[in-house]
Amino acid sequence: MSWPVVILYAVGTGVLAALFMIIPGFAKTSLGRMGETLEVWIFYAVILMANCKRPLESAFKTFVFFLISQPLIYLLQVPFSPLGWGTFSHYPYWFVWTLLTFPMAFAGWYIRKHNWLSLSIFLPILFLLTCDYVSGFMSAYVDFPHLIVTALFCLGQVVLYMYVFTENIWQKLIGVLWPLAAVLLLFFVFNVKKVVFMVDRELVETVIKGIASWLM
-12 MSWPVVILYA VGTGVLAALF MIIPGFAKTS LGRMGETLEV WIFYAVILMA
38 NCKRPLESAF KTFVFFLISQ PLIYLLQVPF SPLGWGTFSH YPYWFVWTLL
88 TFPMAFAGWY IRKHNWLSLS IFLPILFLLT CDYVSGFMSA YVDFPHLIVT
138 ALFCLGQVVL YMYVFTENIW QKLIGVLWPL AAVLLLFFVF NVKKVVFMVD
188 RELVETVIKG IASWLM
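Okay, structure coming up:
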């Protein structure tokens, strides 16, 4: 992926995320979360890393991609937000992630190897995506169709990455099932009330009771 394409890619994704956050109809929907949560940006970063020829190229281009796209999201919201320039008070979170993209994208380039190393690199990301799709499906169960798009998108990413970046059935199964087992283990065994983002005990208990009553 050439530098001009990277810059256009960053501007395009930043504008798209800002539009979904500005238009009132998208508030509290999966699309309205684009500028707030990680799942779509993971997808964009994987596309970028997979289209670089060297690890250092991957690191620089991913860093610049986030350095352009994230401030742009907040800049475009300034005229439409009651906070005005105060909208940038939310940017430090993304600035930290932007700094972290350099080492992460350097290591992330090795997903192209299609082996156990690729799977090892992917596992933390697969865990985050699994947390998102589990919590998304739970939210959709309680208040359909709330976050169903997020849930399907995150689950789709997990399946897609394992299909594209691993070479045998065992790697694919581990990539899908191990993060799911970890999420369930954290909640049910270690009683972690919030695994990540939206998963909480009350929500899970509501879902379980609903399923139990339906089965009975």
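FYI, our numbering numbers position 62 of the sequence shown as 49, with every residue one higher than the one before it.
C-beta: ideal position from N, C-alpha, C; glycine also.
Backbone secondary structure at residue i - three-state DSSP
| i | result |
| --- | --- |
| A169 | helix |
| C118 | helix |
| C39 | coil |
| T74 | helix |
| P132 | coil |
| M91 | helix |
| E44 | helix |
| L106 | helix |
| G123 | helix |
| P69 | coil |
| G162 | helix |
| L25 | coil |
| S56 | helix |
| T0 | helix |
| R188 | The pLDDT assigned to R188 is 45, lower than 50, so where the model puts this residue is not dependable; a value taken from the coordinates is nonetheless given after this. Here R188 sits in helix by DSSP. |
Presumed contact (8 angstroms Cβ cut-off) between residue i and residue j, rounded CB distance
| i | j | result |
| --- | --- | --- |
| L59 | G1 | 4 angstroms |
| F152 | F109 | 7 angstroms |
| T117 | R20 | Going by Cβ atoms, the distance from T117 to R20 rounds to 17 angstroms, so no, they are not a contact pair. |
| I29 | I112 | 6 angstroms |
| I231 | Q64 | An answer regarding residue 231 cannot be provided, because it is not within the stretch -12 to 203 covered by the chain. |
Inter-residue spacing [alpha-carbon to alpha-carbon] between residue i and residue j
| i | j | result |
| --- | --- | --- |
| A169 | F114 | 8 angstroms |
| P66 | Y150 | 43 angstroms |
| W157 | L172 | 21 angstroms |
| C141 | E26 | 7 angstroms |
| W103 | V121 | 25 angstroms |
| S126 | P132 | 8 angstroms |
| L62 | E154 | 42 angstroms |
| S(-11) | F82 | 24 angstroms |
| Y261 | D119 | In the structure displayed, the chain extends from -12 to 203; residue 261 sits before or after that span and is not available. |
| F13 | G71 | 20 angstroms |
| T88 | G(-1) | 19 angstroms |
| L106 | G162 | 7 angstroms |
| V146 | S17 | 19 angstroms |
| E44 | M36 | 9 angstroms |
| V(-8) | Y80 | 26 angstroms |
| L167 | L86 | 28 angstroms |
| Y78 | P11 | 21 angstroms |
| L164 | S68 | 42 angstroms |
Among the options, nearest to residue i - alpha-carbon criterion
| i | options | result |
| --- | --- | --- |
| Y(-4) | R41, G19 and T49 | T49 |
| W96 | F75, N38, F30 and I156 | N38 |
| Q57 | L18, P69 and A5 | A5 |
| P90 | F47, F124 and M(-12) | F47 |
| K100 | W84, P69, H77 and R41 | R41 |
| V33 | K159, Q144, W165 and L160 | Q144 |
| T74 | L164, E23, E44 and F13 | E23 |
| V51 | S17, I(-6) and W165 | I(-6) |
Boundaries of the alpha helix (DSSP H) in which residue i is found, first to last residue
| i | result |
| --- | --- |
| F13 | Neither: F13 is in no alpha helix (DSSP H) and is coded neither H nor E. |
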